[in-house]
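Respectively, the protein sequence lines represent chains A and B.
Just so you know, we're using my numbering here: the first sequence kicks off at 1 and counts up by one.
Just so you know, we're using my numbering here: the second sequence kicks off at 115 and counts up by one.
Read through the structure below, which is laid out as structure tokens, and then see the notes.
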Amino acid sequence: NAGVMQNPRHLVRRRGQEARLRCSPMKGHSHVYWYRQLPEEGLKFMVYLQKENIIDESGMPKERFSAEFPKEGPSILRIQQVVRGDSAAYFCASSPRAGYVGYTFGSGTRLTVV
Amino acid sequence: QQQVKQSPQSLIVQKGGIPIINCAYENTAFDYFPWYQQFPGKGPALLIAIRPDVSEKKEGRFTISFNKSAKQFSLHIMDSQPGDSATYFCAAGSEKLVFGKGTKLTVNP
Numbered sequence: 001n002a003g004v005m006q007n008p009r010h011l012v013r014r015r016g017q018e019a020r021l022r023c024s025p026m027k028g029h030s031h032v033y034w035y036r037q038l039p040e041e042g043l044k045f046m047v048y049l050q051k052e053n054i055i056d057e058s059g060m061p062k063e064r065f066s067a068e069f070p071k072e073g074p075s076i077l078r079i080q081q082v083v084r085g086d087s088a089a090y091f092c093a094s095s096p097r098a099g100y101v102g103y104t105f106g107s108g109t110r111l112t113v114v
Numbered sequence: 115q116q117q118v119k120q121s122p123q124s125l126i127v128q129k130g131g132i133p134i135i136n137c138a139y140e141n142t143a144f145d146y147f148p149w150y151q152q153f154p155g156k157g158p159a160l161l162i163a164i165r166p167d168v169s170e171k172k173e174g175r176f177t178i179s180f181n182k183s184a185k186q187f188s189l190h191i192m193d194s195q196p197g198d199s200a201t202y203f204c205a206a207g208s209e210k211l212v213f214g215k216g217t218k219l220t221v222n223p
């Protein structure tokens with residue numbers, strides 16, 4: 001029973017490139033949350049998705065960031081035209097239903113923008 | 115209203131000691147208060163969580179104390195071990211979580 005799988009574990013991008021982060025939820029889970037962790041900081045909520053729907057994107061920067069969770073396949077967090085300030089660890093969590101907050105985090109993707 | 119304040123920032127105890135980490139929240143709509151443990155290079159792992167209808171919850175060596183009127187909650191680690199050395203985060207929320215900034219705990223042998 002695999003946990004939440006995130007890939008890649010580490011991603012290096014040059015300024016201006018695009019970053020694509022993938023998250024496969026636990027089996028049977030249809031709700032996904034993305035959080036960002038800056039160095040020496042706690043996690044900050046970015047977006048909450050159900051299959052094919054964005055439920056809450058109140059934590060997403062207005063520009064360059066987008067997220068999707070298609071009917072088939074993993075959830076994708078996409079960052080266009082990356083800047084140095086995007087360097088962070090991005091964590092995904094999944095849950096089996098709405099309102100369930102005891103969710104499990106993946107191991108994260110560490111994005112470095114050079 | 116969305117902040118969760120965590121203290122101390124770092125904590126060093128001897129093996130067997132009882133480290134205590136404190137958190138304070140502002141939003142009275144929050145109804146779920148978890149603690150996460152994070153090792154370097156890993157994702158946060160849920161340690162223990164409490165709802166506001168109880169004042170204390172114990173799981174193994176970990177205890178959460180919750181004071182609803184003061185809007186504060188704390189984590190106690192009994193008989194701490196070097197393997198407990200990690201960063202601990204409190205969080206609060208209802209569906210999405212607001213995290214504290216973390217406490218780096220070091221347990222010396």
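Just so it is clear, CB atoms sit at the ideal spot from N, CA and C, and this is done for glycine as well.
### Message
Check whether chain B comes within 8 Å of A:Glu-63, counting only Cβ atoms and requiring the distance to be less than that.
### Response
no
### Message
At the level of alpha carbons, what is the spacing between B:Val-221 and A:Gly-16?
### Response
43 Å
### Task
Identify whether B:Pro-196 lies in helix, strand or coil by the three-state DSSP scheme.
helix
### Query
What residues in the stretch 194-214 of chain B bring their beta carbon closer than 9 Å to a beta carbon of chain A?
Phe-203, Cys-204, Ala-205, Gly-207, Ser-208, Glu-209, Lys-210, Leu-211, Val-212, Phe-213, Gly-214
### Message
Within a Cβ cutoff of 8 Å, which residues of the same chain sit near A:Gly-28, ignoring the five residues on either side of it in sequence?
### Response
Pro-96
#### Entry: Residue of B:Gln-123, B:Lys-218, B:Pro-148, B:Gln-152 minimising C-alpha distance to B:Pro-166
B:Pro-148
### Task
At 9 Å on the CB atoms, spell out the chain A contacts of B:Leu-160, in chain order.
Gly-102, Tyr-103, Thr-104, Phe-105
### Message
Using a Cβ-Cβ distance cut-off of 8 Å, determine whether B:Tyr-146 contacts chain A.
### Response
Interface with chain A (8 Å Cβ-Cβ cutoff): B:Tyr-146 is included.
### Task
Output yes if chain A places a C-beta closer than 8 Å to the C-beta of B:Lys-119; else output no.
no
### Message
Could you pull the DSSP bridge partners for B:Asn-222 from this structure?
### Response
In the DSSP output, where bridge partners are listed per residue, B:Asn-222 has B:Gln-128.
### Query
Do the CB positions of B:Ser-188 and B:Asn-136 come within less than 8 Å of each other?
yes
### Query
Is A:Gly-85 helix, strand or coil when you go by DSSP?
Helix, per DSSP.
### Euclidean distance between Cα positions of B:Arg-175 and B:Asp-193
Straight-line measurement puts the Cα of B:Asp-193 at about 7 Å from the Cα of B:Arg-175.
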